[in-house]
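**Q** Going by the numbering used here, the residue at position 44 of the sequence shown is 55; the numbering climbs one at a time, nothing skipped. Idealized CB from N, CA, C, for every residue including glycine.
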Amino acid sequence: MSDRVTRARRRGARARPLRLAEDFVPRLEQVRLGLPRFAPRTEAETMAAIYTWWNILDAEMYDHDAKYKYQTGYLREMQLKRMVQLVRETGARRYCEIGMNGGHSVAAVLQSSPNVSATVFDMMAFNYSWPVAGLLHAQYGRRFKLHPGNSRATVPRWLHANGMGGAKAPGAADKAPSAAASAGAAGGRGHAGHACDLILIDGDHTAGCRSDMVLMSNAASPRARVVVDDIQMPPGKALARLNATGLMRILETYGPYSARERDPRNPCMRMVQPPYEMCIPWGFSVAKYLRAATLSDY
12 MSDRVTRARR
22 RGARARPLRL
32 AEDFVPRLEQ
42 VRLGLPRFAP
52 RTEAETMAAI
62 YTWWNILDAE
72 MYDHDAKYKY
82 QTGYLREMQL
92 KRMVQLVRET
102 GARRYCEIGM
112 NGGHSVAAVL
122 QSSPNVSATV
132 FDMMAFNYSW
142 PVAGLLHAQY
152 GRRFKLHPGN
162 SRATVPRWLH
172 ANGMGGAKAP
182 GAADKAPSAA
192 ASAGAAGGRG
202 HAGHACDLIL
212 IDGDHTAGCR
222 SDMVLMSNAA
232 SPRARVVVDD
242 IQMPPGKALA
252 RLNATGLMRI
262 LETYGPYSAR
272 ERDPRNPCMR
282 MVQPPYEMCI
292 PWGFSVAKYL
302 RAATLSDY
């Protein structure tokens with residue numbers, strides 16, 4: 012048989028019709044209203060679900076703030092995959108994030124495991140901030156807890172409210188510490204139920220980011236891992252100093268990767284005006300806390 016005839020037959024061949032009785036496998040769960048019917052079961056399904064969420068968040072941000080130059084999410088794919096791995100490696104139950112922006116990182120973590128809840132601190136400064144938070148709350152409900160405002164005030168307030176040592180709520184009067192607060196200060200780690208197993212520091216990108224890193228030392232569980240984004244900027248210098256002083260230990264470093272070489276690990280950021288992209292060096296680190304500390308220590 013000639014190759015031409017073979018190719019023609021292949022083009023004309025029809026796919027076998029789906030035999031519902033034998034081939035159909037349902038993938039939607041019959042859960043109560045308000046809960047997601049589709050739950051990823053494989054790594055491929057998880058990543059597809061995350062990227063679908065990113066498309067939705069990108070569209071929501073553009074719809075509410077089309078002219079803002081940093082509107083889209085800039086969590087690189089390599090960092091995303093490492094964070095998904097860390098959720099599973101740590102057996103994370105609580106994810107804590109400083110700097111939500113468009114919600115891409117928190118959506119990825121929540122989508123990667125049904126057992127994770129998120130505590131998020133964000134300034135809520137953009138036109139898209141509250142719409143994005145609304146989407147996340149609609150999907151994840153009680154698993155998504157937002158603390159709006161400056162982290163220098165909201166993080167100490169949250170630590171104080173949950174009896175974690177090393178911080179006092181802004182403006183709170185001095186008084187004898189409770190037993191829970193004393194235990195938190197002595198142990199230097201967050202209490203069960205509130206402790207963070209995975210932490211992302213991606214808020215203040217000035218020297219003030221060091222206060223975020225110091226404060227969160229009081230919320231970290233013993234197995235916690237800390238992801239510090241944008242180490243080519245002040246967060247990297249702050250992390251290096253805290254590593255040198257013994258508060259944190261850097262475990263992994265990725266980059267900074269060049270922007271000039273079009274490194275696929277560091278794609279250029281999309282922009283709304285010509286030249287429609289911004290290319291900068293970028294990298295991130297994974298660290299852990301060795302102890303807890305207060306801002307007065309630094």
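When the distance is taken between beta carbons, is residue 129 closer than 9 angstroms to residue 117?
**A** Contact: yes.
**Q** What's the gap between the Cα of residue 120 and the Cα of residue 38?
**A** Rounded to the nearest angstrom, the two C-alpha atoms are 22 angstroms apart.
**Q** Using the rule of at least 16 other Cβ atoms within 10 Å of the residue's Cβ for burial, across every protein chain shown, is residue 94 buried or exposed?
**A** Its Cβ being crowded by 16 or more others within 10 Å, residue 94 is buried.
**Q** Can you give me the start and stop residues for the beta strand (DSSP E) that residue 95 sits inside?
**A** Element bounds for residue 95: not the beta strand (DSSP E) but the alpha helix (DSSP H), 88-101.
**Q** Quick one: measure Cβ to Cβ for residue 258 and residue 235, integer angstroms, because I've assumed they're closer than 8 angstroms.
**A** Actually they do not touch by this definition, with Cβ atoms about 13 angstroms apart.
**Q** In chain order, what residues of the same chain lie with their CB nearer than 7 angstroms to the CB of residue 111, ignoring the 5 residues before and after it?
**A** Once the five neighbours on either side are set aside, the close Cβ partners of residue 111 are 117, 131, 133.
**Q** Pull up the distance between the alpha-carbon of residue 40 and that of residue 230, whole angstroms please.
**A** Each residue's Cα considered, the two are about 35 angstroms apart.
**Q** Reducing DSSP to helix, strand and coil, say where residue 224 ends up.
**A** Correct three-state label for residue 224: helix.
**Q** Do residue 105 and residue 232 count as a contact pair if the criterion is CB distance below 9 angstroms?
**A** Yes; because the gap between Cβ atoms is below 9 angstroms, this pair is in contact.
**Q** Looking only at its chain, what residues have a beta carbon closer than 6 angstroms to the beta carbon of residue 309, apart from the 5 residues adjacent to it on each side?
**A** Result list for residue 309: 225, in chain order.
**Q** Evaluate residue 239 with the Cβ neighbour count: other Cβ atoms within 10 Å of its Cβ, from every protein chain shown; 16 or more gives buried, anything less gives exposed.
**A** Result: buried.
**Q** Opposite residue 232 in the DSSP bridges: which residues?
**A** Partner(s): none; residue 232 has no beta bridge.
**Q** Residue 306 to residue 222, Cα distance in whole Å?
**A** Each residue's Cα considered, the two are about 7 angstroms apart.
**Q** Taking the alpha helix (DSSP H) that residue 123 falls in, what are its first and last residues?
**A** Looking at the DSSP string, the run of the alpha helix (DSSP H) that includes residue 123 is 115-123.
**Q** Taking a contact to mean a Cβ-Cβ separation below 9 angstroms, would you say residue 215 touches residue 109 in this structure?
**A** In this structure, residue 109 lies closer than 9 angstroms to residue 215 by Cβ.
**Q** Just how far apart, CA to CA, sit residue 284 and residue 73?
**A** Computed Cα separation, rounded: 13 angstroms.
**Q** Are residue 213 and residue 246 closer than 9 angstroms when you measure CB to CB?
**A** In this structure, residue 246 lies closer than 9 angstroms to residue 213 by Cβ.
**Q** Using C-beta distances below 7 angstroms, list every residue in its chain close to residue 30, excluding the 5 sequence neighbours before and after it, in chain order.
**A** Once the five neighbours on either side are set aside, residue 30 has no close Cβ partner at all.
**Q** May I have the straight-line CA-CA distance separating residue 290 from residue 280, to the nearest angstrom?
**A** Straight-line Cα distance between these residues: approximately 6 angstroms.
**Q** Per DSSP, what are the beta-bridge partners of residue 68 in this structure?
**A** Per DSSP, none; premise fails for residue 68.
**Q** Can you give me the start and stop residues for the alpha helix (DSSP H) that residue 247 sits inside?
**A** First-last of the alpha helix (DSSP H) with residue 247: 245-255.
**Q** Relative to the C-alpha of residue 155, which candidate in 162, 144, 295 has its C-alpha closest?
**A** Per the Cα distances, 144.
**Q** Taking the straight line between their C-alpha atoms, what separation do you get for residue 207 and residue 35?
**A** Residue 207 and residue 35: Cα-Cα distance of roughly 41 angstroms.
**Q** By DSSP, does residue 33 sit in helix, in strand, or in coil?
**A** Correct three-state label for residue 33: helix.
**Q** Please name the residue, chosen from 79, 127, 151, that lies closest to residue 48 on a Cα-to-Cα basis.
**A** The candidate whose alpha carbon is nearest that of residue 48 is 151.
**Q** Which same chain residues end up closer than 8 angstroms to residue 83 when comparing Cβ atoms and leaving out the 5 residues on each side of it in sequence?
**A** The answer, listed in chain order, is 69, 72, 73, 113, 280, 281.
**Q** According to the neighbour-count rule (16 or more other Cβ atoms, all chains shown, within 10 Å of its Cβ), is residue 43 buried or exposed?
**A** Looking at its Cβ environment, which holds fewer than 16 other Cβ atoms inside 10 Å, residue 43 is exposed.
**Q** Suppose the cutoff is 6 angstroms on Cβ atoms and the five residues either side in sequence are ignored; what does the same chain contact list for residue 270 look like?
**A** So the list reads 290, 291, 292, once near-sequence residues are dropped.
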